[in-house]
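Engineer:
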Amino acid sequence: MDTVALDYNRDGRMDYVGVLQMEGTDIPLKTPRILFALARSEESGYRLDFQDENLIRTRDEGGVFGDPYVPLTAGETTFTTNAYGGSAWRWSEAYTYAYRDGGWYLSKSHTTYGYGPMITSETLDDYETGVGIRRERRSDIENLENLDSDEFDLDYQVRLDAPPDIVQAGKRWWLSPDRLTDCPVKTITIADGIDLDRSAITLPLDGAIHYRDENVILYTFSTPASETNYLACYQEDGQSLTVAAQSTEEMPNFDACLAYKGKIYYAMDVTALVHLRGADQTSVPSMDTVAQKLFRMNPDGSGKQELFEYRIAAPGETIDDEYLPYLSMSCEITGDEIILQVYVGGRPHPYYRMDLDGGNVREIGFLPDEN
Numbered sequence: 061m062d063t064v065a066l067d068y069n070r071d072g073r074m075d076y077v078g079v080l081q082m083e084g085t086d087i088p089l090k091t092p093r094i095l096f097a098l099a100r101s102e103e104s105g106y107r108l109d110f111q112d113e114n115l116i117r118t119r120d121e122g123g124v125f126g127d128p129y130v131p132l133t134a135g136e137t138t139f140t141t142n143a144y145g146g147s148a149w150r151w152s153e154a155y156t157y158a159y160r161d162g163g164w165y166l167s168k169s170h171t172t173y174g175y176g177p178m179i180t181s182e183t184l185d186d187y188e189t190g191v192g193i194r195r196e197r198r199s200d201i202e203n204l205e206n207l208d209s210d211e212f213d214l215d216y217q218v219r220l221d222a223p224p225d226i227v228q229a230g231k232r233w234w235l236s237p238d239r240l241t242d243c244p245v246k247t248i249t250i251a252d253g254i255d256l257d258r259s260a261i262t263l264p265l266d267g268a269i270h271y272r273d274e275n276v277i278l279y280t281f282s283t284p285a286s287e288t289n290y291l292a293c294y295q296e297d298g299q300s301l302t303v304a305a306q307s308t309e310e311m312p313n314f315d316a317c318l319a320y321k322g323k324i325y326y327a328m329d330v331t332a333l334v335h336l337r338g339a340d341q342t343s344v345p346s347m348d349t350v351a352q353k354l355f356r357m358n359p360d361g362s363g364k365q366e367l368f369e370y371r372i373a374a375p376g377e378t379i380d381d382e383y384l385p386y387l388s389m390s391c392e393i394t395g396d397e398i399i400l401q402v403y404v405g406g407r408p409h410p411y412y413r414m415d416l417d418g419g420n421v422r423e424i425g426f427l428p429d430e431n
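Our numbering numbers the first residue of the sequence shown as 61 and each following residue consecutively.
Shown next as C-alpha cells:
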C-alpha cells in the first residue's frame with residue numbers, strides 16, 4: 061500500500077518502512093492495516109524489525125472525508141504516520157518515530173481538531189525535550205471570523221514521561237481497543253466488598269473498554285439483573301481479571317478511567333435529590349448529578365482514595381433553573397501529574413493540575429463556554 065526508503069540503522073544499506081492493506085472487494089472497511097519496518101541484511105535479504113496493527117487508521121475511521129490515510133514521510137532515521145478526516149469538524153494526526161539503540165520509539169506527535177480551518181484543540185508532544193504543549197479554544201463557530209487564529213483561550217505545558225517504544229505506543233493509542241480480538245483469562249478475582257456472582261462477570265471484549273496500554277485494560281460492564289455498574293482491570297502479563305469497583309445508588313457511573321504507574325484512576329458521578337425552580341417559581345424535585353469525584357486505587361480494588369471533587373449543587377438545594385448543567389471530567393496523567401478538565405454545560409470549563417495523590421491542586425485556567 062505504501063513504503064518509504066531510509067537507512068534507519070545507518071549501516072549503509074537501504075531499509076524500508078511501510079503499510080500493508082488487505083486487498084479485495086469484500087474486505088471490511090474496519091480491517092486493520094499493518095505498519096512494518098524491514099532492515100536490509102548483509103545477505104541481501106531483509107529482517108522484520110517490527111509490525112503493528114494498531115497505529116494506522118482503518119478505511120472507515122475518516123468520517124465523511126472517507127479513507128483518512130495520508131502517505132508516510134521519512135527522515136534520515138525517522139518516519140511519520142499521518143491521517144486526516146472529519147467533515148465540517150475535522151482532525152489531523154502526525155506521529156513521528158525514531159530509531160535508536162536498536163529499537164523504535166515515539167519521538168514527536170502533533171494532533172489537531174477544529175471547525176474548517178480554525179483549530180479549537182491542539183496537542184504537540186516532543187519526547188526529545190520532554191515537553192508537551194496543550195492548546196484549547198472555545199468552539200464558537202458562529203464567531204469564527206472574529207477569532208485570532210494564533211490565540212488560544214488556554215495554552216499550557218505538561219511534563220512527558222519517557223518515550224514509549226512502538227509496541228507501547230500502539231497499545232496506548234486511544235483507538236487500539238477497537239483492534240482487540242482476544243483477551244484470554246486464566247484467573248478471575250472479585251475485590252472485597254463487591255456483591256457479584258462470578259457467572260455474571262462480563263469479559264473485556266464484551267464490555268465497554270475505557271483504557272488500554274501494553275499490560276492493562278480497564279473496562280466497565282453491568283448485569284441484566286441490576287442497575288449496578290462494575291469497573292474491571294485485565295492484566296495481560298498474567299492474563300488475570302479483577303472486578304475492582306462497583307457503582308452505588310449515590311455514585312452510579314464510572315468515567316475517565318486510566319492506569320498509571322501501578323494505580324487505577326477514575327471519576328464517578330455523584331447524584332442527589334435537588335429542587336429545580338423554573339420561571340413560574342414552581343419547585344420540582346429531581347434526582348440529578350450534583351458533583352463528580354476523582355478516585356484512585358490499586359488494581360486489586362484496595363487502597364481506594366478520593367483525590368478531587370467538583371460540585372455544582374448540594375443535596376436538597378433549590379436551584380433557580382429548570383435543569384442542572386451537564387457535568388463530566390476528563391484527565392491526562394503524565395510526568396507524575398494529573399491534568400484535569402471539568403466540563404460544565406453552559407459555564408466556563410475549569411482546568412487543574414495536581415499531584416498523583418490529589419495534593420497541590422493548581423488552577424490552569426478556564427475554557428469559555430461557546431454560549
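No residue lacks a Cβ here, since even glycine has one placed at the ideal position from N, Cα and C.
None of the values given here were measured: they were computed from a predicted structure.
Hey, would you say N114 sits closer than 8 Å to K246, going by beta carbons?
Structural biologist: Along the sequence shown, one-based indexing puts residue 114 at 54. Along the sequence shown, one-based indexing puts residue 246 at 186. Not in contact: N114 and K246 (Cβ atoms no closer than 8 Å).
Engineer: Within the chosen definition, does the stretch 340-347 reach the stretch 358-366 through at least 3 CB pairs nearer than 8 Å?
Structural biologist: Contact fails: fewer than three Cβ-Cβ distances are below 8 Å.
Engineer: Which first and last residues belong to the beta strand (DSSP E) in which G230 is found?
Structural biologist: Working through the sequence shown from its first residue, we reach residue 230 at position 170. Run containing G230: none in the beta strand (DSSP E); it sits in the alpha helix (DSSP H), I226 to R232.
Engineer: Contact between the stretch 249-259 and the stretch 294-311: three or more CB pairs below 8 Å?
Structural biologist: Because the criterion of three Cβ pairs below 8 Å is met, the stretch 249-259 and the stretch 294-311 touch.
Engineer: Check whether the Cβ atoms of G105 and G123 lie closer than 8 Å to each other.
Structural biologist: The residue you call residue 105 lines up with position 45 of the sequence shown. The residue you call residue 123 lines up with position 63 of the sequence shown. No, the Cβ-Cβ distance between G105 and G123 is not below 8 Å.
Engineer: Does DSSP put F125 in a helix, in a strand, or in coil?
Structural biologist: Counted from its first residue, the sequence shown places residue 125 at position 65. F125 falls in the helix class under three-state DSSP.
Engineer: To the nearest angstrom, report how far apart R70 and L132 are at their CA atoms.
Structural biologist: The sequence position of residue 70 within the sequence shown is 10, counting from 1. The sequence position of residue 132 within the sequence shown is 72, counting from 1. Distance between the alpha carbons of R70 and L132 is about 20 Å.
Engineer: Which residue's Cα is closest to the Cα of D210: R197, Y216 and A222?
Structural biologist: Your numbering for residue 210 matches position 150 in the sequence shown. Of the candidates R197, Y216 and A222, the one whose C-alpha sits nearest the C-alpha of D210 is R197.
Engineer: Taking the CB atoms as reference points, tell me whether N313 and D297 lie closer together than 8 Å.
Structural biologist: One-based indexing of the sequence shown puts residue 313 at position 253. One-based indexing of the sequence shown puts residue 297 at position 237. Pairing N313 with D297 gives a Cβ-Cβ distance that is not under 8 Å.
Engineer: Going along the chain, which residues of its own chain have a beta-carbon closer than 8 Å to the beta-carbon of G376, five neighbours each way excluded?
Structural biologist: Position 316 of the sequence shown, counted from the start, is the residue given in the question as residue 376. A332, L333, V334 and H335.
Engineer: For M82 and Y129, what's the separation of their Cα atoms in angstroms?
Structural biologist: Position 22 of the sequence shown, counted from the first residue, corresponds to residue 82. Position 69 of the sequence shown, counted from the first residue, corresponds to residue 129. Going from the Cα of M82 to the Cα of Y129 covers about 14 Å.
Engineer: Kindly indicate which residue of Q365, A319, Y68 and L367 has the alpha-carbon position closest to the one of D161.
Structural biologist: As a working note, residue 161 is residue 101 in the sequence shown. Across the set Q365, A319, Y68 and L367, the C-alpha of Y68 shows the shortest separation from the C-alpha of D161.
Engineer: Sorted by chain position, which residues of the same chain lie with C-beta nearer than 8 Å to C391's C-beta, five sequence neighbours on each side aside?
Structural biologist: Reading the sequence shown from its first residue, position 331 is the one you call residue 391. Hits under 8 Å: A316, L318, Y325, A327, L354, I398, I399, L400 and Q401.
Engineer: Give the single residue among G176, Y155, Y175 and G163 whose Cα lies nearest to the Cα of T183.
Structural biologist: Residue numbering aside, residue 183 sits at position 123 when the sequence shown is read from its first letter. For T183, the nearest C-alpha among the options comes from Y155.
Engineer: Tell me the rounded alpha-carbon separation between I393 and L263.
Structural biologist: Taking the first residue of the sequence shown as 1, we reach residue 393 at position 333. Taking the first residue of the sequence shown as 1, we reach residue 263 at position 203. Their backbone Cα atoms lie some 26 Å apart in a straight line.
Engineer: Measuring CA to CA, which of R119, S152, Y290 and P224 is closest to K88?
Structural biologist: Residue 88 sits at position 28 when you count from the first residue of the sequence shown. The question names Lys, but residue 88 in the sequence shown is Pro. Out of R119, S152, Y290 and P224, R119 has the C-alpha closest to the C-alpha of P88.
Engineer: With C-beta atoms as the reference, is D396 less than 8 Å away from L427?
Structural biologist: Within the sequence shown, residue 396 is the residue found at index 336, counting from 1. Within the sequence shown, residue 427 is the residue found at index 367, counting from 1. No, Cβ-Cβ distance for D396 and L427 is not below 8 Å.
Engineer: With A97 and W151 assumed to form a contact (beta carbons below 8 Å), what rounded beta-carbon distance in angstroms separates them?
Structural biologist: Against the sequence shown, residue 97 aligns to sequence position 37. Against the sequence shown, residue 151 aligns to sequence position 91. That pair is no contact at about 26 Å.
Engineer: Select from G418, R337, M389 and N420 the residue whose C-alpha is nearest the C-alpha of H409.
Structural biologist: Here residue 409 is taken as the residue at index 349 of the sequence shown, counted from 1. Closest by alpha carbon: M389.
Engineer: Given a threshold of 16 other Cβ atoms within 10 Å of its Cβ, counted over all protein chains shown, does R422 qualify as buried or as exposed?
Structural biologist: On the sequence shown, residue 422 is found 362 positions in, with the first residue counted as 1. So R422 ends up on the exposed side.
Engineer: Closest to G425 by CA distance: which of K168, D213 and L80 is it?
Structural biologist: In the sequence shown, the residue the question calls residue 425 occupies position 365. Ranking the options by Cα distance to G425, first place goes to D213.
Engineer: Once the 5 residues before and after G363 are set aside, which same chain residues still bring their CB inside 7 Å of it?
Structural biologist: The sequence position of residue 363 within the sequence shown is 303, counting from 1. Counting only residues of its own chain and dropping the five nearest sequence neighbours on each side, G363 has a CB closer than 7 Å to the CB of M357.
Engineer: Taking the alpha carbon of Y279 as the reference point, which residue from D273, A285, T288 and A292 has its own alpha carbon closest?
Structural biologist: The residue you call residue 279 lines up with position 219 of the sequence shown. For the residues D273, A285, T288 and A292, the minimum Cα distance to Y279 belongs to A292.
Engineer: Which one of V227, V404 and E366 has the shortest CA to CA distance from L95?
Structural biologist: In the sequence shown, residue 95 corresponds to position 35, counting from 1. Considering only alpha carbons, the answer is V227.
Engineer: Below 6 Å CB to CB, which residues in the same chain sit around K90 once its five sequence neighbours on both sides are set aside?
Structural biologist: Translated into the one-based positions of the sequence shown, residue 90 becomes position 30. Hits under 6 Å: T118 and D120.
Engineer: Mind checking whether A99 and D127 have CB atoms under 8 Å apart?
Structural biologist: Mapped onto the sequence shown, residue 99 falls at position 39. Mapped onto the sequence shown, residue 127 falls at position 67. Taking 8 Å as the Cβ cut-off, A99 and D127 do not qualify as a contacting pair.
Engineer: To the nearest angstrom, how far is it from the Cα of L240 to the Cα of T378?
Structural biologist: For the purposes of this step, residue 240 is taken as residue 180 along the sequence shown, with counting starting at 1. For the purposes of this step, residue 378 is taken as residue 318 along the sequence shown, with counting starting at 1. L240 and T378: Cα-Cα distance of roughly 47 Å.
Engineer: Give me, in chain order, the residues of the same chain whose beta-carbon lies closer than 8 Å to that of M414; leave out the 5 immediate sequence neighbours on both sides.
Structural biologist: In the sequence shown, counting from the first residue as 1, residue 414 sits at position 354. Excluding positions up to five away in sequence, the list reads L367, F368, E397, I398, L400, N420, V421 and R422.
Engineer: With a CB to CB cut of under 7 Å and the five nearest residues on each side skipped, what residues in its chain are close to L265?
Structural biologist: As a working mapping, residue 265 is identified with position 205 in the sequence shown. So the list reads L240 and C243, once near-sequence residues are dropped.
Engineer: Give the range of the beta strand (DSSP E) segment to which E50 is assigned.
Structural biologist: Since the first residue of the chain shown is 61 and the last is 431, residue 50 is not available in this structure.
Engineer: Under a Cβ-count criterion, where at least 16 other Cβ atoms within 10 Å of its own Cβ denotes burial, should D348 be classed as buried or exposed?
Structural biologist: Working through the sequence shown from its first residue, we reach residue 348 at position 288. So D348 ends up on the buried side.
Engineer: Check P264 in the structure and name its three-state DSSP category.
Structural biologist: Sequence index remark: in the sequence shown, residue 264 carries index 204 (1-based). In the structure shown, P264 adopts helical secondary structure according to DSSP, grouped into three states.
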